[in-house]
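Residue numbers (the working numbering), protein chains in the order written: chain D, 1 to 610; chain W, 1001 to 1192.
Cβ atoms here follow ideal geometry from the backbone N, Cα and C, with glycine treated the same way.
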């Protein structure tokens, strides 16, 4: 393969060849064997890529594919033509004349046409009356239509047309080909078979070419490298005796870059440029290792802008907790942890490489721990397991060991409901705090104090009012009033002083409604938590009831299959629901307080091998 | 589409009547407790209608999402997140139904007998959540579907699309809020 290299803009030639290569890969994937597709799995090595790029006849393969494509198109056109001809002649096969015989003499003319069978007698009578020298022959009758040919005097042609149209006559133009229709139909069948065989031969050739698919993919990767190098070089400004390269480097890597460049080219200066107006620097998330898996949640929403917080660390504990509370089944958590732990052990990949699997593994562990507190074990009731796994409370209730709350009774549900609401309030006020902190850091301290932190003052006074001893009730009440007044004044921040109370009042109203609705949205944790338990319970009941219908030796495998299948489906459904709804609580309720998102990912210049 | 939506709405409105068919309001003695029957009708309505809204909504976003995923399969995570948004309404309705079932145990067991007017009140309690969820989910789905077109052009806009879609849901949440408070305040008055 001829590789295009050089400095400057990516040439039209490079883009054209990339498009050609994409075409070949997409096409050959449809014809590739399982072995060839298996060989496509990354990652590859640099040597593999360069070897394939320089030793694969990419152009030859592409050219051959184009030729095959053109021949296929030609064959398809022929097939269509033969098909059309056959459908035209099919109903005229009883005609014994060759179609290339003359259809006109000096005095007569031969016409082909169709006429509804129900009018055929009336039409014949009409024609016999007005064109007595005509000769009518019915060739075929099919689906209420008669296929006829008529020989008439040329002089009577206009009269024939006039008297025949009213009976539903439709003229047919048969092609002037050598041979009668029956022979021509046979010929079309043979020709169509021939072209179909030709297409099959082409497909066989494509299947053979598909064995080169792995090499084409590597060549495509090489082309991508070249393209990226062209792009990087386009950032070079060449002067009389120097070259300037502008680009982004992670802040933590600047010193390393300086050292590396100084070592290889001492006459190099690295300058840090200020960010120009309206320029949006790319973003690279960097978190402690145990938080990295939660970056997949942030990425689902979008990266932060360069001026924003990375919300990953803030959402991580809440996400894990909500995920666990939505599942509330220690058994399911254990299955998730073991399943994804096993996969991670086999793959041996870091959280940066496969964050989602790590997240599900961590989620499984937290679910297991939280599930113990709620006594969720595959939907089993404490009475259904050996007594060694259960305990008896003072009031005689049997619970699982480690269980504190029972979601099967009203008190447990009320607890989960209140927990959901408390977590919601905490989460939302934490979000408001982050919004204030962001303003504070960016120098908008007054706005942070008035617009955001006044909400926390109000929360504090509400808590004081609720939990204050009776002797301090009056103090707590006046403190609360003061906090409300402060909040009204704070929410009116930015308006002229005489309008500030009214704007503030509207702001407080909006704040109250949005807080109430947002907090209630956290009740989905209660709903999902109960749904998991109910589904697991239903699977168990179904297995037992169905097992009762069979003798013991059949019942046991039936029960095992239903339990395994049912719980696996339940785990899959509930894990998806828990993940999505925990994420949604971050995206909509939490992020709306302080986070905008929409940042551009930092994409360094490098050879990608996947 | 309009026909199927109308059919779904009609079925949704009629379906809670099964609460009567299942003798929900019949006491052990056999006389009908119309108050309890209406309360159950409300419980069924809340879940039925809000779930129908979610079914329509999720199917609409699913169709748009399938189209986008054929072009850009790497956006699966963002598309599924958007797809599930109109599914929340079903949960809101279900929470109201669950809260009734678990908090009104004394009424359901027959320990506390409620009058017809109290039963109708409990039925009315379900209406804000039922109707706001039924209507908001399909409209939210339309916003999500339009947002998926935005994602097709620029996947960095996922956050904004989610925010826009959430604005529609605000009104379902308001309906949920009112039903929630009505249910709790009525409980306080009825059961103490």
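Closer than 9 Å to chain W by CB, residue i
| i | result |
| --- | --- |
| residue 528/D | yes |
| residue 593/D | no |
| residue 558/D | no |
| residue 462/D | no |
| residue 385/D | no |
| residue 410/D | yes |
| residue 417/D | yes |
| residue 354/D | no |
| residue 62/D | no |
| residue 413/D | yes |
| residue 224/D | no |
| residue 580/D | yes |
| residue 524/D | yes |
C-beta neighbour in chain D for residue i, strict 9 Å
| i | result |
| --- | --- |
| residue 1170/W | yes |
| residue 1078/W | yes |
| residue 1182/W | no |
| residue 1042/W | no |
| residue 1166/W | yes |
| residue 1162/W | yes |
| residue 1091/W | yes |
| residue 1028/W | For residue 1028/W, the pLDDT reaches just 47, beneath the cut-off of 50, and the residue's location in the model is therefore unreliable, although a value from the coordinates is still provided. No, residue 1028/W lies away from the interface with chain D (no Cβ there is under 9 Å from its Cβ). |
| residue 1177/W | yes |
| residue 1084/W | yes |
| residue 1174/W | yes |
Residue i: first and last residue of the uninterrupted beta strand (DSSP E) it sits in
| i | result |
| --- | --- |
| residue 141/D | 135 to 142 |
| residue 116/D | 108 to 116 |
| residue 23/D | Where residue 23/D is concerned, there is no enclosing beta strand (DSSP E), although the alpha helix (DSSP H) it sits in stretches over 12 to 29. |
| residue 236/D | 236 to 238 |
| residue 550/D | Residue 550/D -> no beta strand (DSSP E), and no H or E assigned at all. |
| residue 400/D | 398 to 400 |
| residue 244/D | 243 to 245 |
| residue 390/D | 390 to 392 |
Helix, strand or coil at residue i [DSSP, three-state]
| i | result |
| --- | --- |
| residue 460/D | helix |
| residue 349/D | coil |
| residue 256/D | helix |
| residue 378/D | coil |
| residue 591/D | helix |
| residue 354/D | coil |
| residue 599/D | strand |
| residue 303/D | strand |
| residue 611/D | This structure does not reach residue 611/D, given that chain D is present from 1 up to 610, and the question cannot be answered. |
Beta-carbon neighbours of residue i, restricted to chain A and to distances below 9 Å
| i | result |
| --- | --- |
| residue 25/D | Reference to chain A is not applicable here, since the protein chains of this structure are D and W. |
Endpoints, the alpha helix (DSSP H) within which residue i is located
| i | result |
| --- | --- |
| residue 151/D | Per DSSP, residue 151/D belongs to no alpha helix (DSSP H); it is in the beta strand (DSSP E), 145 to 153. |
| residue 199/D | 181 to 209 |
| residue 488/D | 473 to 491 |
| residue 89/D | 58 to 89 |
| residue 1121/W | 1116 to 1153 |
| residue 1078/W | 1076 to 1084 |
Counted within 10 angstroms of its Cβ, other Cβ atoms place residue i as buried (16 or more) or exposed
| i | result |
| --- | --- |
| residue 123/D | buried |
| residue 1086/W | buried |
| residue 16/D | exposed |
| residue 522/D | buried |
| residue 206/D | buried |
| residue 1023/W | Interpretation of residue 1023/W is limited by its pLDDT of 48, a score under 50 that renders its predicted location unreliable; the figure taken from the coordinates is listed afterwards. Classification of residue 1023/W: exposed, given that the 10 Å Cβ count is below 16. |
| residue 497/D | exposed |
| residue 626/D | The question about residue 626/D has no answer, for chain D in this structure spans 1 to 610. |
| residue 60/D | exposed |
| residue 149/D | buried |
| residue 353/D | exposed |
| residue 197/D | exposed |
| residue 304/D | buried |
| residue 329/D | buried |
| residue 574/D | buried |
| residue 1104/W | buried |
Where the stretch 1140 to 1153 of chain W meets chain D: residues whose CB sits under 8 Å from a CB there:
none
What are the residues of the stretch 582 to 607 of chain D that lie near chain W, defined by any Cβ-Cβ distance shorter than 9 Å?
583, 584, 587, 588, 589, 591, 592, 595, 596, 597, 598, 599, 600, 601
Residues from the stretch 1100 to 1114 of chain W in contact with chain D, defined by Cβ distance under 8 Å:
1102, 1103, 1105
Taking a Cβ distance cut-off of 8 Å, strictly less, list which residues of the stretch 503 to 522 of chain D are near chain W, in chain order.
513, 514, 516, 517, 518, 520, 521
Give, in chain order, every residue of the stretch 281 to 313 of chain D whose Cβ lies closer than 8 Å to some Cβ of chain W.
296, 299, 300, 301, 302, 303
By the 9 Å beta-carbon criterion, what residues does the stretch 1035 to 1061 of chain W contribute toward chain D?
none
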